[in-house]
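**Student:**
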Amino acid sequence: MTDAASLADRVREGELRLHELEAHADADVAAEARRLLVEEQSGASLDTVGNYGFPAEEAETAIENMVGTIQVPLGVAGPVTVNGAAVSEEKYLPLATTEGALLASVNRGCSVINSAGGATARVLKSGMTRAPVFRVADVAEAEALVSWTRDNFEALKEAAEETTNHGELLDVTPYVVGNSVYLRFRYDSKDAMGMNMVTIATEAACDVVESETTGSLVALSGNLCTDKKPAAINAVEGRGRSVTADVRIPRDVVEERLHTTPEAIAELNTRKNLVGSAKAASLGFNAHVANVVAAMFLATGQDEAQVVEGANAITTAEVQDGDLYVSVSLASLEVGTIGGGTKLPTQAEGLDILGIRGGGDPAGSNADALAECIAVGSLAGELSLLSALASRHLSSAHAKLGR
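Taking full-length UniProt numbering, the leading residue of the sequence shown gets 1, the next gets one more, and so forth.
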């Protein structure tokens, strides 16, 4: 069996490249050899990075050139009662973060939500998108391609769905800019987040478009999808799961537990989250939804770069018969419970905390449940931060817990 030192020597001698080591040794030895090379070049010690708790081969589909792991502290908030369509029970919410005070804040929000009987959550729309761009000669050809697409949806659906056992093509929406035609394909990817699935399926559909029209595929992604970038189309049309959570909190709970009033929180939300965000031309009209989305993404093996879309959320607050009504609507939350990082042992345990590892029954229900839990966690975070600002306790909380 090749040892790490010998493997590192072969890289130094130019016999092997860094990414080829797993073909000559097991994954843990390959990672150790890379650590030796990096330590030699950088002068850093990677002892802690190399002290991980699962076989490196289990990460082979998640990363290349592995040297070890970064350990992010994992905590839980709750339990909180989630009154959803896919999940309806108390749940601990797993959050991985290095931000002091975040867990304490979300936990306080969860406690207040429980005092009101829990939060309601629903996935209102679902669909993973991919939008290739085609080149045509002029606007007349563009219109012809759009008309063909509308008339031949079933042919595109057949070609796309031949590539997947689970994905379903829901619709194709065309957009034209001069001699560029964008076709935004939207799929039901069930319990998978679905980016790989829909990319492969869309490529097959594009072959049909090219064979039947004058369109020439320029790129499988034309940025109208839109993946991992702030985009108004995601805020309006959605991407992944569009999910909303809300709660009505009695006035006495607001006053006794949050040390403020429903009127103060409602005014603050309007002036900060709505007017302030509009003045900043923000795509997210919320206080800190990204905090909870990011922490739960890390804890459950989601694609952390898609926090960009996940934080595309609007928080509302109003007084209803003297009580406080608060909601948070996340327009483009891209989540899955199978595939990708969800297969890593620690992240799989994060899904186990929620009881939703793997595929659901019916298909898609586990990913819906994850979206509902993230929405309720985001609602708890919004409620707690808005209350801290309204009661002017934010700085003292961070001074105490922010380390």
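Yeah, the Cβ is synthetic: ideal placement off N, Cα and C, and Gly gets one too.
Using the C-alpha atoms, what's the distance from P73 back to A160?
**Tutor:** The count along the sequence shown starts at 1 and reaches residue 160 at position 160. The count along the sequence shown starts at 1 and reaches residue 73 at position 73. Computed Cα separation, rounded: 41 Å.
**Student:** Which value, in whole angstroms, describes the spacing of the CA atoms of I338 and R357?
**Tutor:** Position 338 of the sequence shown, counted from the first residue, corresponds to residue 338. Position 357 of the sequence shown, counted from the first residue, corresponds to residue 357. Between I338 and R357, the C-alpha separation is close to 7 Å.
**Student:** Taking only the alpha-carbon atoms, compute the straight-line gap between L169 and K125 and give it to the nearest angstrom.
**Tutor:** The residue labelled residue 169 in the question sits at position 169 within the sequence shown. The residue labelled residue 125 in the question sits at position 125 within the sequence shown. Going by the C-alpha atoms only, they are around 14 Å apart.
**Student:** With distances taken between CB atoms, is the gap from S332 to E309 smaller than 8 Å?
**Tutor:** Position 332 of the sequence shown, counted from the first residue, corresponds to residue 332. Position 309 of the sequence shown, counted from the first residue, corresponds to residue 309. Taking 8 Å as the Cβ cut-off, S332 and E309 qualify as a contacting pair.
**Student:** Check whether the stretch 193–201 and the stretch 210–219 are in contact - that is, three or more C-beta pairs closer than 8 Å.
**Tutor:** Touching, no.
**Student:** For E40 and G68, I'd like the C-alpha separation in whole angstroms.
**Tutor:** Sequence index remark: in the sequence shown, residue 40 carries index 40 (1-based). Sequence index remark: in the sequence shown, residue 68 carries index 68 (1-based). Computed Cα separation, rounded: 16 Å.
**Student:** When burial is assigned at 16 or more other CB atoms within 10 Å of the CB, is S395 buried or exposed?
**Tutor:** For this step, residue 395 is matched to residue 395 along the sequence shown. Residue placement at S395 is flagged as unreliable, the pLDDT there being 47, under the threshold of 50; the coordinate-derived value follows with that caveat. S395 comes out exposed.
**Student:** Rank A388, L21 and T315 by C-alpha distance to the C-alpha of V255 and give the top, closest one.
**Tutor:** As a working mapping, residue 255 is identified with position 255 in the sequence shown. Position check: residue 255 holds Glu in this sequence, whereas Val was assumed. Selected option, being the one with the closest Cα: A388.
**Student:** For the alpha helix (DSSP H) holding A159, just list the boundary residues, first then last.
**Tutor:** What you label residue 159 is simply residue 159 of the sequence shown in a count that begins at 1. From DSSP, the alpha helix (DSSP H) with A159 extends over F153 to E161.
**Student:** Using beta-carbon positions only, say whether V247 and A44 come within less than 8 Å of one another.
**Tutor:** Locating residue 247 in the sequence shown gives position 247, where the first residue counts as 1. Locating residue 44 in the sequence shown gives position 44, where the first residue counts as 1. Between V247 and A44, the CB-CB gap reaches or exceeds 8 Å.
**Student:** Return helix, strand or coil for Q320, following the three-state DSSP convention.
**Tutor:** Looking up residue 320 in the sequence shown gives position 320. Three-state DSSP puts Q320 in a strand.
**Student:** Mind reading off the beta-carbon distance from N179 to V209? Whole number of angstroms is fine, and I expect it under 8 Å.
**Tutor:** Taking the sequence shown and counting its residues from 1, one reaches residue 179 at position 179. Taking the sequence shown and counting its residues from 1, one reaches residue 209 at position 209. No, N179 and V209 are not in contact; Cβ-Cβ is about 15 Å, not under 8 Å.
**Student:** Taking the C-alpha atoms as reference points, what is the distance between T173 and R184?
**Tutor:** Within the sequence shown, the letter at position 173 stands for residue 173. Within the sequence shown, the letter at position 184 stands for residue 184. Computed Cα separation, rounded: 5 Å.
**Student:** N83 and A121 - do their beta-carbons sit closer together than 8 Å?
**Tutor:** Your numbering for residue 121 matches position 121 in the sequence shown. Your numbering for residue 83 matches position 83 in the sequence shown. It is a contact, given that the beta carbons lie within the stated cut-off.
**Student:** For S329, collect the residues of the same chain with a Cβ closer than 7 Å to its Cβ; drop the 5 residues on either side in sequence, then sort them by chain order.
**Tutor:** Indexing the sequence shown from 1 puts residue 329 at position 329. T244, A313 and I314.
**Student:** Considering N83, what are the terminal residues of the beta strand (DSSP E) in which it resides?
**Tutor:** What you label residue 83 is simply residue 83 of the sequence shown in a count that begins at 1. Its beta strand (DSSP E) spans residues L74 to G84.
**Student:** Thinking C-alpha only, which one of D207, A59, D361 and L354 is nearest P132?
**Tutor:** For the purposes of this step, residue 132 is taken as the residue at position 132 of the sequence shown. The option with the nearest alpha carbon to P132 is D207.
**Student:** Figure out for me which residue from E162, P55, K279 and N152 has the closest Cα to the Cα of T346.
**Tutor:** The sequence position of residue 346 within the sequence shown is 346, counting from 1. Cα-wise, what sits closest to T346 is P55.
**Student:** Whole angstroms are fine: how far does the CA of L36 sit from the CA of A290?
**Tutor:** In the sequence shown, the residue the question calls residue 290 occupies position 290. In the sequence shown, the residue the question calls residue 36 occupies position 36. Going from the Cα of A290 to the Cα of L36 covers about 36 Å.
**Student:** Should L324 and S105 be called a contact, given that it needs their Cβ atoms to be closer than 8 Å?
**Tutor:** Residue 324 sits at position 324 when you count from the first residue of the sequence shown. Residue 105 sits at position 105 when you count from the first residue of the sequence shown. No; because the gap between Cβ atoms is not below 8 Å, this pair is not in contact.
**Student:** From D368 to Y187, what distance separates their C-alpha atoms?
**Tutor:** Along the sequence shown, one-based indexing puts residue 368 at 368. Along the sequence shown, one-based indexing puts residue 187 at 187. Going from the Cα of D368 to the Cα of Y187 covers about 15 Å.
**Student:** When burial is assigned at 16 or more other CB atoms within 10 Å of the CB, is I233 buried or exposed?
**Tutor:** In the sequence shown, counting from the first residue as 1, residue 233 sits at position 233. Around the Cβ of I233, a 10 Å sphere holds 16 or more other Cβ atoms; the residue is buried.
**Student:** Using 10 angstroms around the beta-carbon of K229, count the other beta-carbons present and answer buried if the total reaches 16, otherwise exposed.
**Tutor:** Locating residue 229 in the sequence shown gives position 229, where the first residue counts as 1. By the 10 Å Cβ count, K229 comes out exposed.
**Student:** Just reading off the alpha helix (DSSP H) that I249 is part of, what are its end residues?
**Tutor:** Here residue 249 is taken as the residue at index 249 of the sequence shown, counted from 1. No alpha helix (DSSP H) contains I249, which is instead part of the beta strand (DSSP E) from G240 to I249.
**Student:** Are at least three pairs of beta-carbons, each pair with one atom in the stretch 294–311 and one in the stretch 87–97, less than 8 Å apart?
**Tutor:** yes
**Student:** DSSP on L170, reduced to helix/strand/coil?
**Tutor:** In the sequence shown, counting from the first residue as 1, residue 170 sits at position 170. Note: L170 maps to strand in three-state DSSP.
**Student:** Based on Cα-Cα distance, which residue from E57, N51 and H166 lies nearest to I70?
**Tutor:** Here residue 70 is taken as the residue at index 70 of the sequence shown, counted from 1. Closest by alpha carbon: N51.
**Student:** Please classify H288: is it buried, with 16 or more other beta-carbons within 10 angstroms of its beta-carbon, or exposed?
**Tutor:** As a working note, residue 288 is residue 288 in the sequence shown. H288 is buried by the Cβ-count criterion.
**Student:** Runs of 4 residues minimum, wholly inside the stretch 190–216: which ones carry the alpha helix (DSSP H) assignment?
**Tutor:** 195–212
**Student:** So, at 6 Å on beta carbons, what are the nonlocal neighbours of A294 in its own chain, with the 5 sequence-adjacent residues on each side left out?
**Tutor:** By one-based count along the sequence shown, residue 294 stands at place 294. Counting only Cβ-Cβ distances below 6 Å, and skipping sequence neighbours, we find V307.
**Student:** Could you check which residue in A30, D26 and A23 has the C-alpha nearest to that of E8?
**Tutor:** If you number the sequence shown from 1, residue 8 lands on position 8. Per the sequence shown, residue 8 should be read as Ala rather than Glu. Comparing Cα-Cα distances from A8 to each of A30, D26 and A23, the minimum goes to A30.
**Student:** What did DSSP end up calling I113 once you bin it into helix, strand or coil?
**Tutor:** In the sequence shown, the residue the question calls residue 113 occupies position 113. Helix.
**Student:** Taking Cβ to Cβ, would you say R34 is nearer than 8 Å to N65?
**Tutor:** Here residue 34 refers to the residue found at position 34 of the sequence shown. Here residue 65 refers to the residue found at position 65 of the sequence shown. Going by C-beta atoms, R34 is nearer than 8 Å to N65.
**Student:** Do R241 and D335 have their beta-carbon atoms positioned less than 8 Å apart in this structure?
**Tutor:** By one-based count along the sequence shown, residue 335 stands at place 335. By one-based count along the sequence shown, residue 241 stands at place 241. For clarity, residue 335 is Val in the given sequence; the question names Asp instead. Yes, they are a contact pair.
**Student:** Does the separation of the CB atoms of G341 and A62 fall below 8 Å?
**Tutor:** Locating residue 341 in the sequence shown gives position 341, where the first residue counts as 1. Locating residue 62 in the sequence shown gives position 62, where the first residue counts as 1. It is a contact, given that the beta carbons lie within the stated cut-off.
**Student:** Is it true that the CB of A317 sits closer than 8 Å to the CB of N269?
**Tutor:** Translated into the one-based positions of the sequence shown, residue 269 becomes position 269. Translated into the one-based positions of the sequence shown, residue 317 becomes position 317. A contact, by the Cβ cut-off of 8 Å.
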